[in-house]
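Mapping of the sequence shown onto my numbering: position 265 corresponds to residue 488, and the numbering continues sequentially without gaps. A short write-up of the structure that comes next.
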Amino acid sequence: MSVSKKTTPKVSDEVDVVLIGAGVMSATLGAMLRTLQPDWSQIVFERLDRPAEESSSPWNNAGTGHSALCELNYTPEVNGKIDISKAIGVNEKFQASRQFWSYQVKQGVLPSPREWINPVPHVSFARGEDQVAYLKKRYEALAGHPLFPGMQYTEDRQKFEEMLPLMAEGRPADEKVAVSWTDVGTDINYGALTKQFLKDAESKGTELRYGHEVRDIKRDGSGWKVEVKNVHTGDTQVVRANFVFVGAGGMALPLLQKSGIREIRGWGGFPVSGEWLRCTNPEIIERHAAKVYGKASVGAPPMSVPHLDTRVIDGEKGLLFGPYAGWTPKFLKQGSWFDLLKSIKPTNLLSYIGVGVQEMALTKYLVTEVLKGREARMESLREFMPDARDEDWELVTAGQRVQAIQPVVGPSFSKLAFGTSLINSADGSIAGLLGASPGASIAPAAMLELLERCFGDHMVEWGDKIKEMVPSYGVKLATDPKLFNEMWEYTQKTLQLDQD
């Protein structure tokens with residue numbers, strides 16, 4: 224009896240850049256590198272049969288242009304004062320996104336901006352004495368800042384009713400409410416944005432291989448061998464790449480672990496799924512036109528901040544409320560039930576234990592959320608919209624996120640790393656992103672950081688082109704109001720946000 228031996232597939236392609244995942248992150252980096260180094264070859268591998276079907280799908284995220292205009296978790300109250308430093312940082316990064324997208328519009332890469340970005344007011348909502356006092360202080364801290372133009376605030380009940388009729392109707396007359404808002408917020412369909420990027424990429428020679436799952440990443444001299452399986456035929460191939468970007472959403476952690484780079488040692492990830500209540504009544508949808516963010520529950524992760532959310536998807540207006548946290552051990556919406564278990568290694572076990580001990584409030588919150596029935600979810604909606612009726616809303620599953628767990632030196636072993644964390648090898652030949660919010664909104668800023676870390680020897684020759692793509696690169700707009708105003712007017716016009 225003969226015993227067959229498993230053979231390692233031979234290298235079938237050599238390429239300069241492999242991009243893993245056909246979402247907004249890979250699409251953004253690919254567009255940047257095509258501008259900076261058009262002679263470099265690129266291949267995109269996506270395990271699903273279409274692009275932007277996981278975190279970048281418009282129904283899997285809030286679509287907020289996260290510029291900290293309304294998101295209260297970016298402005299915590301510390302010792303009685305509002306700390307706006309994180310809000311400023313997020314806003315700065317979103318301005319880089321607006322500039323990069325505007326450049327791509329002018330180059331014809333993104334020919335139809337209104338297919339993926341639309342003006343929608345951003346509103347912060349407070350109810351009760353404590354929340355109202357906080358919101359007023361927040362408004363006073365932000366209103367005069369150059370990066371937060373046109374912010375307004377009111378506790379006037381009549382104004383509240385005019386702005387947000389669905390939120391005013393049925394609300395007790397003696398309940399104290401307040402809102403702060405700006406009319407220059409945006410709603411973004413990151414799926415449509417991704418598809419425009421990738422359509423241009425394919426026209427310029429980038430190979431898009433859908434239905435291809437990356438199974439392994441191994442060091443090969445100064446580059447990498449990427450083993451890929453065709454999910455339909457079972458065929459396996461190996462592609463050699465000089466640079467690999469892991470833009471695979473929740474699967475970035477296990478893929479970076481497979482690479483063996485020491486920089487991923489100790490990192491872990493905890494999956495958090497989400498659900499939305501989606502309005503099915505067109506009359507109600509038409510009566511609300513804003514993204515309204517409230518205060519998060521105690522222990523809730525930033526991605527679970529409640530909001531009543533106007534969406535514009537494929538030209539159709541929609542209305543969502545949520546998200547409600549759920550839980551599965553999957554790292555992707557269409558992932559494996561064993562994803563979490565497989566990610567736990569001897570090198571990160573202490574990180575999981577450390578966070579488990581520290582984050583009891585988060586654990587309690589997640590358990591409570593998972594156990595919520597439909598009526599409990601509707602009651603959460605009625606805090607925003609008191610007259611909400613069960614028959615006007617359906618429950619839909621949103622995207623899957625993996626909360627990054629960062630190793631630290633000390634007795635706690637680890638901490639939760641909120642936001643987006645860039646992990647790269649010391650030689651800059653491989654990099655990936657962990658985490659979620661503000662995620663897609665700051666993709667260009669995240670990719671600029673990647674260029675600095677991984678392609679430092681090219682930054683001088685690329686400098687002029689980078690400034691062309693993002694004119695404020697290297698400048699803090701918070702300290703240069705003149706440049707901010709110039710960039711704001713330029714991006715408003717180019718992205719067609721100044722049009723009704």
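Ideal placement from N, C-alpha and C gives every residue a C-beta, glycine not left out. Small disclaimer: the values here were computed from a predicted structure and weren't measured.
Item to check | GLU430 versus TRP447: straight-line alpha-carbon distance, rounded | outcome: Inter-residue distance for GLU430 and TRP447 is about 18 Å (C-alpha atoms, whole angstroms).
Next on the checklist: For THR230 and SER559, I'd like the C-alpha separation in whole angstroms.
Outcome noted: With a pLDDT of only 44 at THR230, under the threshold of 50, the placement of this residue in the model should not be trusted, and no figure is reported.
Item to check | Residues of its chain near PRO477, where Cβ-Cβ distance is below 8 Å and the 5 sequence neighbours each way are ignored | outcome: PHE554, ASP562, LYS565, SER566
Item to check | Environment of VAL462 [buried if 16+ CB atoms lie within 10 Å] | outcome: buried
Checklist entry - Between the C-alpha atoms of ASP239 and LYS587, what's the straight-line distance to the nearest angstrom? => result 46 Å
Next on the checklist: Considering Cα atoms alone, identify which of ASP613, TYR413, VAL343, VAL454 is closest to ALA513.
Outcome noted: VAL343
Item to check | Range covered by the alpha helix (DSSP H) that runs through ASP721 | outcome: Neither: ASP721 is in no alpha helix (DSSP H) and is coded neither H nor E.
Item to check | Pick from THR251, ALA701, PRO281 that is closest to ASP537, judged by C-alpha positions | outcome: Taking the Cα of ASP537 as reference, the smallest distance to any Cα among THR251, ALA701, PRO281 is reached at PRO281.
Checklist entry - So what's TYR169 in DSSP terms, helix, strand or just coil? => result Nothing about residue 169 can be read from this structure; the chain reaches only from 224 to 723.
Next on the checklist: Our contact map puts LEU639 next to GLN626 with C-beta atoms below 8 Å; I'd like the distance itself, whole angstroms only.
Outcome noted: Between LEU639 and GLN626 the beta-carbon gap is near 6 Å, inside 8 Å, which marks them as a contact.
Checklist entry - What is the DSSP secondary structure of GLN460, reduced to helix, strand or coil? => result strand
Item to check | Residues near ASN708 in its chain [Cβ-Cβ closer than 6 Å; skip 5 each side] | outcome: For ASN708, where only same-chain residues beyond five positions count, there are no Cβ hits under 6 Å.
Checklist entry - Beta carbon of ALA621, beta carbon of GLY497: below 8 Å? => result yes
Item to check | Nearest to VAL332 (by Cα), restricted to the options LEU370, ALA250, PRO369, GLU392 | outcome: ALA250
Checklist entry - Under a three-way DSSP split, which group does GLU338 fall into? => result Helix, per DSSP.
Checklist entry - Thinking just about the alpha-carbon of each residue, which of GLN419, TYR326, LEU358, TRP490 is nearest to the one in CYS293? => result LEU358
Item to check | Runs of beta strand (DSSP E) wholly within the stretch 378–415 (minimum 3 residues, chain order) | outcome: 400–405, 409–411
Checklist entry - Taking just the CA atoms, how far does ALA245 sit from TRP339? => result 17 Å
Checklist entry - To which residues of the same chain is GLN327 closer than 7 Å at the C-beta, ignoring the five residues directly before and after it? => result ALA254, LEU333
Next on the checklist: Contact between the stretch 255–268 and the stretch 415–433 is defined here as three or more beta-carbon pairs at a separation below 8 Å; is this criterion met?
Outcome noted: yes
Checklist entry - Cα separation between LEU671 and GLY577? => result 32 Å
Checklist entry - What residues in its chain sit with their C-beta under 7 Å from that of LYS228, if we drop five residues either side in the sequence? => result At LYS228 the pLDDT is 39, less than 50, meaning the model places this residue with poor confidence and gives no usable figure here.
Item to check | Helix, strand or coil at ASN283 [DSSP, three-state] | outcome: helix
Next on the checklist: Using C-beta distances below 6 Å, list every residue in its chain close to GLU237, excluding the 5 sequence neighbours before and after it, in chain order.
Outcome noted: Exclusion of the five residues before and after GLU237 leaves ARG463 as the residues of its chain whose Cβ lies within less than 6 Å of its Cβ.
Item to check | Limits of the unbroken alpha helix (DSSP H) element including LEU563 | outcome: 562–566
Checklist entry - Ordered along the chain, which non-local residues of its own chain (more than five positions away) have a Cβ less than 6 Å from that of VAL467? => result VAL241, TRP447, ILE653
Next on the checklist: Which complete beta strand (DSSP E) runs does the stretch 230–311 hold, if anything under 3 residues is left out?
Outcome noted: Whole beta strand (DSSP E) segments, 3+ residues: 234–243, 265–269.
Checklist entry - Going straight from the alpha carbon of ILE628 to that of ARG485, what length do you get? => result If you draw a straight line from the Cα of ILE628 to the Cα of ARG485, it comes to about 16 Å.
Item to check | First and last residue of the uninterrupted beta strand (DSSP E) at SER637 | outcome: 637–639
Checklist entry - What did DSSP end up calling TRP550 once you bin it into helix, strand or coil? => result It is coil, neither helix nor strand.
Item to check | Span separating the alpha-carbon of SER695 from that of HIS368 | outcome: 18 Å
Checklist entry - Using the rule of at least 16 other Cβ atoms within 10 Å of the residue's Cβ for burial, across every protein chain shown, is ASP532 buried or exposed? => result buried
Checklist entry - Going by the beta-carbon positions, is the gap between GLY633 and SER574 smaller than 8 Å? => result no
Checklist entry - Which value, in whole angstroms, describes the spacing of the CA atoms of THR417 and ASN341? => result 16 Å
Next on the checklist: Below 8 Å on the Cβ atoms is my contact criterion, and I expect ARG438 with GLY483 to pass it. Report the Cβ-Cβ distance as a whole number of Å.
Outcome noted: Not confirmed; about 15 Å, so no contact.
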